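Trainee: Residue numbers (the numbering used here), protein chains in the order written: chain X, 1 to 69; chain L, 1001 to 1206.
From the three backbone atoms N, C-alpha and C, an ideal C-beta is built for every residue, glycine too.
Since this is a predicted model, take the numbers as computed values, not measurements.
One structure coming up, written as structure tokens, with questions to follow.
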Amino acid sequence: MLTCKQVTELCSQEMDRQLRLVERLSLRSHLMMCSGCSNYRRQLFTLREVARAYADGRAVVTSAPEPSE
Amino acid sequence: MSVSIAPPGRADKPGFSAEALVSLRADMLRFAQLQLRNRETAEDMVQEAIEGALRNASSFAGNSSLKTWVFAILRNRIVDHLRQAGRTVSMSSLVDDGDDWQERVEAMFTERGHWRDDSRPAPWPDPEESMQNRQFWLVFETCLDHLPENTGRVFMMREFLGLEAQEICAQLGISTSNCHVILHRARLKLRGCMGAGWGYSGGAKC
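Dropping the structure here:
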């Protein structure tokens, strides 16, 4: 049985590598019972979405052009 | 820089001008500097990206925004630079990055590894709406800037530049498991910072 702390580690690794079957199954069974970890996992996907939008130049302009340049 | 350099036949692609490119410079510079943490290198990258964009004006299709197009050029330039620079950080500096880690984790989880009541993640609102807000992006930039330098670098190589974790580890000369640890720390910290900075907090019941 995974702890929430271990689940946060696995949720991060899920974004960078293919999880093994046993990892996927234990992750899924934990997430079904734990809304905190489910929210955490969704937030990691949100962070990825936000980072991609930023890197894609889709952020709302965050500063006026520097007057010195 | 007052000459519009839209090539003939591209008059239907508004938005491409040297002035428009230059007006994006400040945003490009912040993007580069977040990743490189070095003003001079960041300025070089941005300059090269702008020059590259001017040289290749004809390949601007006009179906994406000019900013998206020039950011792609900038990202490629940064990837090339990082690949050429090779291993620029030592493994020990990566592993030591962020001495407050243990305390942070202890504050979030009980000894048995479960969420403490006040740190259990509550749902975030729809990011689409937040992303229309200028303040949201300021918080995002600030949070990235507050990641320990090398942690931030690994995170941005992964999430901004889209490099595979394997390539990042190989480039920095660190083991795969260290790479996963660093990415996990980066995400956990960034999530905490965004939660606090953007008012996404509160405890959910498990």
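1. Using only the alpha-carbon positions, how far apart do L:R1158 and L:I1168 sit?
2. Look at the alpha carbon of L:E1106 and the alpha carbon of X:N39, and state the distance between them as a whole number of angstroms.
3. Kindly list, in the order they appear in chain L, the residues whose Cβ is closer than 8 Å to that of X:L47.
4. Secondary structure at L:W1101, three-state DSSP: helix, strand or coil?
5. Kindly provide the ranges of any alpha helix (DSSP H) runs that are 4 or more residues long and lie completely inside the stretch 9 to 39 of chain X, ordered along the chain.
6. From L:W1101 to L:M1045, what does the alpha carbon distance come to, in whole angstroms?
7. Name the residue from L:S1064, L:A1122 and L:L1082 whose alpha carbon lies nearest to the alpha carbon of L:M1194.
8. Here's the rule: buried if 16 or more other CB atoms are within 10 angstroms of the residue's CB, otherwise exposed. What is X:F45?
9. Indicate whether at least one CB of chain L lies closer than 8 Å to the CB of X:E69.
10. Per DSSP, what kind of secondary structure is L:W1207 in: helix, strand or coil?
11. Where does L:L1066 land, buried or exposed, given buried means 16+ other C-beta within 10 angstroms?
12. Find the residues of chain L that neighbour X:R58, judging by a C-beta separation of less than 9 Å, and give them in chain order.
13. If you check the beta carbons only, do X:R41 and X:L25 fall under 8 Å apart?
14. Near X:A59, which residues of its chain fall below 7 Å by C-beta distance, leaving aside the five closest residues on each side in sequence?
15. Tell me which residue opens and which closes the alpha helix (DSSP H) that L:N1150 is part of.
Mentor: Inspection of the coordinates gives the following:
1. 8 Å
2. 20 Å
3. E1159, R1187, L1190, R1191 and M1194
4. helix
5. 21 to 33
6. 32 Å
7. L:A1122
8. exposed
9. Bear in mind that the predicted position of X:E69 carries a pLDDT of just 39, short of 50, making it unreliable; the figure below should be weighed with that in mind. Answer yes: the Cβ-Cβ gap between X:E69 and chain L drops below 8 Å somewhere.
10. Coverage of chain L is limited to positions 1001 through 1206, which leaves residue 1207 of chain L absent and any answer about it impossible.
11. buried
12. S1065, K1067, T1068, F1071 and M1131
13. no
14. A53
15. E1149 to E1159
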